[in-house]
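Chains U and S, in that order, are what the protein sequence lines are.
Take 37 as the starting number for the first sequence in the numbering used here and just add one per residue.
Take 159 as the starting number for the second sequence in the numbering used here and just add one per residue.
We treat Cβ as the ideally placed atom computed from N, Cα and C, and that holds for glycine.
For clarity, every value in this text was computed on a predicted model and none was experimentally measured.
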Amino acid sequence: MKAIVNISLKAGVLDSQGKAVHHALDSLKFDGVEDVRVGKQIILRLSATDKTAAQAEVEKMCEELLANTVIEDYTVEIVA
Amino acid sequence: MKVSIVQFPGTNCEYDTQYAFKELNCDTEIIWHEKTSIPADTDLLVIAGGFSYGDYLRSGAIARFSPVMGSVIEYANNGGKVLGICNGFQVLTEAGLLPGALKRNKHLHFISRHHNLKVATTENTFLQKCEKNAVLNIPIAHHDGNFFIDESGLKSLYDNDQVLLHYCDKNGTVSNPNGSVDSIAGITNIQKNVFGLMPHPERAMEALLGSDDGRKMLEGFLTA
C-alpha cells in the first residue's frame, strides 16, 4: 500500500514561497486567488497490509523526521 | 583547550572553524559523523556550517540522526559546551537541543554578506568577552536563517536571557536580513551550555579580511 504525506507550514507561520507564487498568479491576471500555501508531498510505498497500523507508523515517521512540528503541519493518507 | 568539530557529508566550514580555534591556541580535532563517540578531553564541541546531507528534507533534519549525534546530545545533556554555527544551529534545533526552527529566508534568497549584530546579553560563556549592546561585524551566508519560535517560546527566551544576538545596522538599529522573529540571530538553551547562531564568527578572525569581531566571540570559550 501507499502513504501520501502532505506537509505545509502551519497557519500563522509566514509562507514566503506561497506569497511569491500568489504575486506571480496576480501578475498573470488570475484573479480570485485568496491565498497560496506551498508545501511538499512525500509518497511512501509500504509493505504493510493493515491500514490502521500503517497510518500510525507513518504518523510516527512524520513526528520523528518527515515534518518539523515546530513550524509544519502534516496529513497522512493511506491508499491501496 | 580542546575543540572538537563535527563533520557531516556536506559540511564546509570545519576547516575555517579549525583555523579560527588554532589561531586562539586551541587543540582541535575534526570528528567524522560516523563516529559514535567524541574525544573524552573535549572542552568545546562545534557543529560547523555547510549543507549536511544536501540539506534535503529540511536543513539539519537528516544530520540530526547521524551516528555521532547520540554522543553530541549526551555531551550537551551532561553540561558540555556545544556551539552550532549556521547549519550547526539548524542541526541543534532539529535535534531539540535548542528551541525554535530555521525557515527559508523571508525573501527566498541565499544571503552572503557581512552583517552587523547587536549583543543582547553577556551573561553567558559565548559572549562574555563582548560588551552588552556592542555592534559586531560578522559574515552571514545562509538560505534558511529565518528563525521562528511561537509567542510563548519567544517570551520564555527573553524571560531566561536566552537571546544572544540581534541583526542590526552599523549604528545598532534593528535591521532584519531574513525575516527572523524579533531579528534574532543567535540563542542559547536554558542551561546556557548550548549556543546556536546563523552568522559565522569563524570567518571574522582577520581585520585584513573585513573584520576580526568573531575572535572575541570565540575567545569567550577559552576562559570558561
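Under a Cβ-count criterion, where at least 16 other Cβ atoms within 10 Å of its own Cβ denotes burial, should residue i be classed as buried or exposed?
| i | result |
| --- | --- |
| proline 225 (chain S) | exposed |
| glutamate 113 (chain U) | exposed |
| arginine 361 (chain S) | buried |
| glutamate 232 (chain S) | exposed |
| glutamine 349 (chain S) | exposed |
| phenylalanine 66 (chain U) | exposed |
| histidine 191 (chain S) | buried |
| glutamate 172 (chain S) | buried |
| asparagine 183 (chain S) | exposed |
| leucine 367 (chain S) | exposed |
| glutamate 108 (chain U) | buried |
| leucine 64 (chain U) | exposed |
Taking only beta-carbon atoms, is residue i less than 8 Å away from chain U?
| i | result |
| --- | --- |
| alanine 221 (chain S) | no |
| glutamate 360 (chain S) | no |
| phenylalanine 306 (chain S) | yes |
| glycine 403 (chain S) | This structure cannot speak to residue 403 (chain S), because chain S is shown only from 159 to 382. |
| arginine 216 (chain S) | yes |
| glycine 337 (chain S) | yes |
For a contact meaning CB atoms closer than 7 Å, what does residue i contact in chain S?
| i | result |
| --- | --- |
| alanine 56 (chain U) | Leu266 |
Between residue i and chain S, is any beta-carbon pair separated by less than 8 Å?
| i | result |
| --- | --- |
| serine 52 (chain U) | yes |
| valine 94 (chain U) | no |
| leucine 82 (chain U) | no |
| valine 112 (chain U) | no |
| isoleucine 107 (chain U) | yes |
| leucine 61 (chain U) | no |
| leucine 101 (chain U) | yes |
Strictly below 8 Å CB to CB, what residues from chain S border residue i?
| i | result |
| --- | --- |
| valine 49 (chain U) | Lys261, Phe306 |
| asparagine 104 (chain U) | Arg216, Ala219, Glu252, Ala259 |
Assuming residue i is part of the beta strand (DSSP E), what are its boundary residues?
| i | result |
| --- | --- |
| tyrosine 110 (chain U) | 108-115 |
| tyrosine 325 (chain S) | 321-326 |
| glutamate 185 (chain S) | The question names glutamate, but residue 185 (chain S) in the sequence shown is aspartate. Residues 185-190. |
| alanine 346 (chain S) | A quick correction: the sequence has threonine, not alanine, at residue 346 (chain S). First-last of the beta strand (DSSP E) with threonine 346 (chain S): 342-346. |
| arginine 262 (chain S) | No beta strand (DSSP E) holds arginine 262 (chain S); DSSP gives it neither H nor E. |
Kindly indicate the opening and closing residues of the alpha helix (DSSP H) around residue i.
| i | result |
| --- | --- |
| threonine 251 (chain S) | 245-252 |
Using 8 Å for Cβ pairs, my map puts residue i next to residue j. What's the rounded Cβ distance?
| i | j | result |
| --- | --- | --- |
| cysteine 288 (chain S) | histidine 358 (chain S) | About 16 Å separates the two Cβ atoms, so there is no contact after all. |
| lysine 261 (chain S) | aspartate 308 (chain S) | Their Cβ separation, rounded to whole angstroms, is 13 Å, which puts lysine 261 (chain S) and aspartate 308 (chain S) out of contact at 8 Å. |
| serine 52 (chain U) | histidine 265 (chain S) | 7 Å |
| glycine 242 (chain S) | isoleucine 205 (chain S) | 4 Å |
| leucine 269 (chain S) | serine 369 (chain S) | Here residue 269 (chain S) is isoleucine; the residue named in the question, leucine, does not match the sequence. Wrong, their Cβ atoms sit about 17 Å apart, outside the cutoff. |
| valine 161 (chain S) | leucine 256 (chain S) | About 19 Å separates the two Cβ atoms, so there is no contact after all. |
| valine 222 (chain S) | alanine 253 (chain S) | Correcting the residue identity first, residue 222 (chain S) is arginine in this sequence and not valine. The Cβ separation is near 5 Å, so the contact holds. |
| lysine 328 (chain S) | valine 277 (chain S) | Actually they do not touch by this definition, with Cβ atoms about 14 Å apart. |
Please list, in chain order, the chain U residues whose beta carbon lies closer than 8 Å to that of residue i.
| i | result |
| --- | --- |
| glutamate 232 (chain S) | By Cβ distance, chain U contributes nothing, its closest Cβ being about 19 Å from glutamate 232 (chain S), past 8 Å. |
Just to confirm, does residue i get its C-beta within under 7 Å of one of the non-hydrogen atoms of the ligand GDP?
| i | result |
| --- | --- |
| cysteine 244 (chain S) | This structure lacks the ligand GDP, and indeed carries no ligand of any kind. |
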